[in-house]
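Peer 1: Each position in the sequence shown, counted from 1, maps to that position plus 26 in full-length UniProt numbering. Don't be surprised by glycine CBs; every beta carbon is placed ideally from N, CA and C. As the structure is a computational prediction, the values presented were derived from the model and not from experiment.
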Amino acid sequence: AKRVRIHHLQELKERGEPWPMLTAYDMYTAELFDEAGIPVLLVGDSAANNVYGYETSLPVTVDELIPLVSAVTRSAKKALVVADLPFGSYQLSPEQALATAVRFMKEGRAHAVKLEGGKAFAPHVRAITNAGIPVMGHIGFTPQSEHNLGGYRVQGRGDAGETVLADALALQEAGAFAVVMEMVPAEVAKKVTHELHIPTVGIGAGPDCDAQVLVWQDMAGMRRAKAPRFVKRYADVAGVLLNAAEQFAADVRGREFPAPEHAFH
Ligand code: KIV
Ligand code: NA
């Protein structure tokens, strides 16, 4: 299988073909989503609350994320793997951003990195892209800033729509190859998608983005908590696993497992 490259994503935008993106944090999900033809896998800092058990994305560290990035890049043969830079690992300076991006590329074997923030982070994006590392931006609702944004809220309503567009243009100008827009009005996302020549990736940003991303545990029903309105649940993986574990437990307690065929003599 030939590796997906950033120019392929650009070509999809130019042809008007929307593409899917999912998070992945381990071997089996990376293999399965790769086989399903998902061209871009994101090792999100959402591992904080979907793998590591933190309440928000803020506590997760570079040292916690790099092994997950390695697992995904070892397992996906075709997908382009994007590593999310976690809170505190890039905000201090463009130099810190580049140093962290280099770690994800060298130690995690990522193909690109992603960071949150608009205009104020254009210099950080520029420092990384100047080093030859592709960068995906992330604007609108940015979970690492949830305490400043006042919780999970739609961003870019009314006049603030112009800020979303200005942020997107600044990231494009700084060399970003794509921009995630999270929880922004569909009308704003449509306008930004039209104005940018690079692809936009929506999550809670309506149908007109060039791509759509979901956290896989939300998409497949692994997470049982009530999902935000922008999530569509395609399976009940949690139900399947719960049922399997309950049957295994009952079989052991009832001396049904192991059966004769599972034993060596
Ligand atoms: O960390 C993450 O999963 C993300 C996506 C939801 C875009 O940033
Ligand atoms: Na993220």
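Shorter than 6 Å, the distance from the beta carbon of I229 to the closest heavy atom of the ligand KIV, or not?
Peer 2: In the sequence shown, the residue the question calls residue 229 occupies position 203. It does: the Cβ of I229 is within 6 Å (strictly closer) of some heavy atom of the ligand KIV.
Peer 1: Whose beta carbon lies closer than 5 Å to any heavy atom of the ligand NA, going through the chain in order?
Peer 2: Residues flagged by the Cβ proximity filter: G70, D71, D110.
Peer 1: May I ask you to report which of helix, strand or coil DSSP gives Q238?
Peer 2: Walking along the sequence shown from the start, residue 238 turns up at place 212. Q238: strand per DSSP, three-state reduction.
Peer 1: Tell whether a beta-carbon distance below 7 Å holds between V239 and M53.
Peer 2: Position 213 of the sequence shown, counted from the first residue, corresponds to residue 239. Position 27 of the sequence shown, counted from the first residue, corresponds to residue 53. No, they are not a contact pair.
Peer 1: Let's test the definition: count the other Cβ atoms within 10 Å of the Cβ of V161 and tell me whether it reaches 16, buried, or not, exposed.
Peer 2: Taking the first residue of the sequence shown as position 1, residue 161 is located at position 135. With 16 or more other Cβ atoms within 10 Å, it is buried.
Peer 1: Please tell me whether V98 and A56 are closer than 7 Å, where the distance is taken between their beta carbons.
Peer 2: Taking the first residue of the sequence shown as 1, we reach residue 98 at position 72. Taking the first residue of the sequence shown as 1, we reach residue 56 at position 30. Yes.
Peer 1: Grab the span of the alpha helix (DSSP H) containing H120 for me, first residue to last.
Peer 2: Locating residue 120 in the sequence shown gives position 94, counting from the first residue. Position check: residue 120 holds Pro in this sequence, whereas His was assumed. That run of the alpha helix (DSSP H) goes 120–134.
Peer 1: For D110, list the residues DSSP reports as bridge partners.
Peer 2: Locating residue 110 in the sequence shown gives position 84, where the first residue counts as 1. Paired residues: K140.
Peer 1: Note down, in chain order, each residue of its chain lying with its Cβ closer than 6 Å to the Cβ of V214, except the 5 sequence neighbours on either side.
Peer 2: Taking the sequence shown and counting its residues from 1, the one referred to as residue 214 is at position 188. So the qualifying residues of the chain are G182, G187, V190.
Peer 1: Is it the case that the CB of T219 approaches a heavy atom of the ligand KIV more closely than 6 Å?
Peer 2: Against the sequence shown, residue 219 aligns to sequence position 193. Because no heavy atom of the ligand KIV lies under 6 Å away, the Cβ of T219 does not count as near it: no.
Peer 1: Among the residues of its own chain, which have a CB less than 6 Å from the CB of G163, if the five just before and after it don't count?
Peer 2: Walking along the sequence shown from the start, residue 163 turns up at place 137. Counting only Cβ-Cβ distances below 6 Å, and skipping sequence neighbours, we find L197, A202, V205.
Peer 1: From this set, V227, P225, P233, which residue's C-alpha is nearest A212's C-alpha?
Peer 2: Sequence index remark: in the sequence shown, residue 212 carries index 186 (1-based). Per the Cα distances, P233.
Peer 1: Using C-beta distances below 8 Å, list every residue in its chain close to R179, excluding the 5 sequence neighbours before and after it, in chain order.
Peer 2: Translated into positions along the sequence shown, residue 179 becomes position 153. Once the five neighbours on either side are set aside, the close Cβ partners of R179 are F167, M209.
Peer 1: Three-state secondary structure (DSSP) at residue 293?
Peer 2: The structure shown does not extend to residue 293, since the chain is modelled only from 27 to 291, so the question has no answer here.
Peer 1: What residue range does the beta strand (DSSP E) around L67 cover?
Peer 2: What you label residue 67 is simply residue 41 of the sequence shown in a count that begins at 1. It spans 66–69 - the beta strand (DSSP E) in which L67 sits, taken as one unbroken run.
Peer 1: Output the distance between the C-alpha atoms of H150 and R129, rounded to the nearest integer angstrom.
Peer 2: Stepping through the sequence shown from its first residue, residue 150 is reached at position 124. Stepping through the sequence shown from its first residue, residue 129 is reached at position 103. Cα-Cα distance, rounded: 15 Å.
Peer 1: Please say whether L68 and V30 have beta carbons closer to each other than 7 Å?
Peer 2: Start at 1 with the first residue of the sequence shown, and residue 30 comes out as number 4. Start at 1 with the first residue of the sequence shown, and residue 68 comes out as number 42. The answer is no: Cβ separation not under 7 Å.
Peer 1: What do you reckon, is the C-beta of V206 under 6 Å from a heavy atom of the ligand KIV?
Peer 2: Translated into positions along the sequence shown, residue 206 becomes position 180. Yes; taking the cut-off as 6 Å, the Cβ of V206 has a heavy atom of the ligand KIV nearer than that.
Peer 1: Measuring only from the beta carbon, is V257 closer than 6 Å to any heavy atom that is part of the ligand KIV?
Peer 2: Working through the sequence shown from its first residue, we reach residue 257 at position 231. No, the beta carbon of V257 sits no closer than 6 Å to any heavy atom of the ligand KIV.
Peer 1: How many angstroms separate the CA atom of W242 from the CA atom of H291?
Peer 2: The residue labelled residue 242 in the question sits at position 216 within the sequence shown. The residue labelled residue 291 in the question sits at position 265 within the sequence shown. Distance between the alpha carbons of W242 and H291: 43 Å.
Peer 1: Counting beta carbon pairs with one atom in the region 127–143 and one in the region 168–176, are three or more of them shorter than 8 Å?
Peer 2: Touching, yes, given that three or more Cβ pairs across the two stretches are closer than 8 Å.
Peer 1: Could you pull the DSSP bridge partners for P46 from this structure?
Peer 2: In the sequence shown, counting from the first residue as 1, residue 46 sits at position 20. Answer is Q238, bridged to P46.
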